[in-house]
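Take 14 as the starting number for the sequence shown in my numbering and just add one per residue. This report refers to the structure that appears directly beneath it.
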Amino acid sequence: MPVVLYGIVRAGHPLPDPDPDAALGIGHPPAPLRLVRSGPLAAVVSGTADIGELGEQEAVRHLEILQRLLVDGPVLPVRLGTVAPDEDAVRTEVLEPVRDSLPEQLDAIDGLVELHVDVEEAEQTELAEAVAATSLAHAPPPEDLDGRIQLGQQIAELVVARRTEQARAILDELRPLAHADRPRRHHGGPEDPALSWAFLVPADALADFDAAVERIRATRPHLTVEYVGPLPAVDFVEFPARVLTEAREAAADGGSFGGSGRWGWGEDRTGSDRPSKAREREELQ
Numbered sequence: 014m015p016v017v018l019y020g021i022v023r024a025g026h027p028l029p030d031p032d033p034d035a036a037l038g039i040g041h042p043p044a045p046l047r048l049v050r051s052g053p054l055a056a057v058v059s060g061t062a063d064i065g066e067l068g069e070q071e072a073v074r075h076l077e078i079l080q081r082l083l084v085d086g087p088v089l090p091v092r093l094g095t096v097a098p099d100e101d102a103v104r105t106e107v108l109e110p111v112r113d114s115l116p117e118q119l120d121a122i123d124g125l126v127e128l129h130v131d132v133e134e135a136e137q138t139e140l141a142e143a144v145a146a147t148s149l150a151h152a153p154p155p156e157d158l159d160g161r162i163q164l165g166q167q168i169a170e171l172v173v174a175r176r177t178e179q180a181r182a183i184l185d186e187l188r189p190l191a192h193a194d195r196p197r198r199h200h201g202g203p204e205d206p207a208l209s210w211a212f213l214v215p216a217d218a219l220a221d222f223d224a225a226v227e228r229i230r231a232t233r234p235h236l237t238v239e240y241v242g243p244l245p246a247v248d249f250v251e252f253p254a255r256v257l258t259e260a261r262e263a264a265a266d267g268g269s270f271g272g273s274g275r276w277g278w279g280e281d282r283t284g285s286d287r288p289s290k291a292r293e294r295e296e297l298q
């Protein structure tokens, strides 16, 4: 029977409490979560007759499962929509190739969680504030095309400089609370966000990080600050390139795995695959 994959954990990792919702996976009909073990590793899966269309509800459910698993130990997530034909394929094609390398990766992120902070500013506010303290604020617009193009370039540079300054100040507040951090998207261009960053934080220090984000929101009401987590620390783990390559090739050749993402470990660090309305830290809402 086909199975949906959610993440890789230690072989002894407990499953979520078996209440009516917490232990059910995605697919039709939804089935209980279970472990497929191989040596020191296990894959968290659920059976499915048909995974169906994947939308926001399935994305949120996938994230909820990962978050529930994360409470009891490290998790290496598998991308939404990964389906294997049966449990034997999970053992031989997913777990066995990495059973010597992934236990060490799990140990490295034990007790750590990933948090995402994304910062944007309304375009009109951004433009007005960027030119407010310059000579451009009261200068008449150029009449010639070259002048208008040059003016647009000047304003774009001012906007980027403003974003960079705000991002640097926010990072200065959050970095001391994190074990590590890294960008999730490109920064520095006129179309780029003010900030899109991942932080690796000890799970027992979440309250301090929550408070810091709340202070940033309170002192910068002109900014929209999205705060998502706790998440598995996938942006801070280097996965075996051989596994990723073989998985991509298998998918391209119509191999065993299918779905919206196949493996996808570490393949896209832009954040484009996270649920479009992933829930924020509940205590901050």
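All residues carry an ideal CB built from backbone N, CA and C; glycine is no exception. These figures come from a predicted structure and were not determined experimentally.
Kindly indicate which residue of the options has the alpha-carbon position closest to the one of residue i.
| i | options | result |
| --- | --- | --- |
| threonine 28 | His41, Ile39, Val57 | The sequence shown places leucine at residue 28, not threonine. Of the listed residues, the one whose Cα sits closest to leucine 28 is Val57. |
| proline 87 | Glu133, Thr95, Ile78 | Ile78 |
| leucine 108 | Ile162, His192, Ala55, Asp185 | Ala55 |
| valine 73 | Leu219, Glu106, Leu93, Arg233 | Leu93 |
| isoleucine 183 | Ser209, Leu171, Val172 | Ser209 |
| leucine 190 | His199, Gln166, Gln163, Phe222 | Phe222 |
| alanine 200 | Pro53, Ala180, Ala102, Leu158 | Per the sequence shown, residue 200 should be read as histidine rather than alanine. The candidate whose alpha carbon is nearest that of histidine 200 is Ala180. |
| valine 132 | Asp205, Asp101, Leu171 | Asp205 |
| histidine 26 | Pro116, Glu71, Ala102 | Pro116 |
| aspartate 185 | Pro98, Tyr240, Glu71, Val226 | Val226 |
| aspartate 101 | Pro42, Arg50, Ala224 | Arg50 |
| proline 110 | Leu158, Gly52, Pro42 | Gly52 |
Please list, in chain order, all residues of the same chain as residue i whose beta carbon is under 7 Å from its beta carbon, the five residues on each side excluded.
| i | result |
| --- | --- |
| arginine 176 | Ala207 |
| threonine 232 | none |
Quick one: what's got a C-beta closer than 6 Å to residue i's C-beta in the same chain, skipping five residues either side?
| i | result |
| --- | --- |
| alanine 211 | Glu127, His129, Arg195, Arg197, Asp248 |
| glycine 284 | Because the pLDDT at glycine 284 is just 36, under 50, the model does not fix this residue reliably, and the value given afterwards should be weighed accordingly. For glycine 284, where only same-chain residues beyond five positions count, the Cβ hits under 6 Å are Arg197. |
| arginine 230 | Val238 |
| arginine 261 | Its pLDDT being 39, under 50, arginine 261 is placed unreliably by the model, and the measurement read from it follows with that caveat. Contacts found: none. |
Can you tell me whether residue i is buried or exposed? The criterion is at least 16 other CB atoms within 10 Å of its CB, across all chains shown.
| i | result |
| --- | --- |
| glycine 20 | buried |
| histidine 75 | buried |
| aspartate 266 | Caution applies to aspartate 266, whose pLDDT of 43 falls short of 50 and renders its modelled position unreliable; the value that the coordinates give is listed next. Exposed, because fewer than 16 other Cβ atoms sit within 10 Å of the Cβ of aspartate 266. |
| proline 243 | buried |
| valine 84 | exposed |
| aspartate 120 | exposed |
| glutamate 106 | buried |
| arginine 23 | buried |
| glutamate 178 | exposed |
| glutamate 66 | exposed |
| alanine 254 | Since pLDDT at alanine 254 reaches only 47, below the 50 mark, its modelled position is unreliable, and the value read off the structure follows with that caveat. Alanine 254 is exposed by the Cβ-count criterion. |
| glycine 40 | buried |
| isoleucine 162 | exposed |
Output needed for residue i: all residues of its chain with C-beta closer than 8 Å, excluding positions within five of it in sequence on either side, in chain order.
| i | result |
| --- | --- |
| leucine 13 | As displayed, the chain neither begins before 14 nor continues past 298, which places residue 13 out of reach and without an answer. |
| isoleucine 44 | Sequence check: residue 44 is alanine here, not isoleucine. Contacts found: Leu37, Gly38, Ser59, Gly60, Thr61. |
| glutamine 80 | Pro243, Leu244 |
| leucine 46 | Tyr19, Leu28, Pro29, Ala36, Leu37, Gly38, Val57, Val58, Ser59, Ile78 |
Name the DSSP bridge partner or partners of residue i?
| i | result |
| --- | --- |
| arginine 23 | Leu54 |
| valine 172 | Note: valine 172 sits in no beta bridge, so no partner. |
| alanine 97 | Val16 |
| valine 126 | Val214 |
| glutamate 106 | None, per the DSSP bridge assignment. |
Complete alpha helix (DSSP H) runs within the region 38-94 (minimum length 4 residues, chain order) = Counting whole runs of 4 or more residues, the region 38-94 contains the alpha helix (DSSP H) stretches 69-83.
Minimum length 3: unbroken beta strand (DSSP E) runs contained in the region 187-249 = If only complete runs of 3 or more residues are kept, the region 187-249 shows the beta strand (DSSP E) at 193-196, 208-215, 236-244, in order along the chain.
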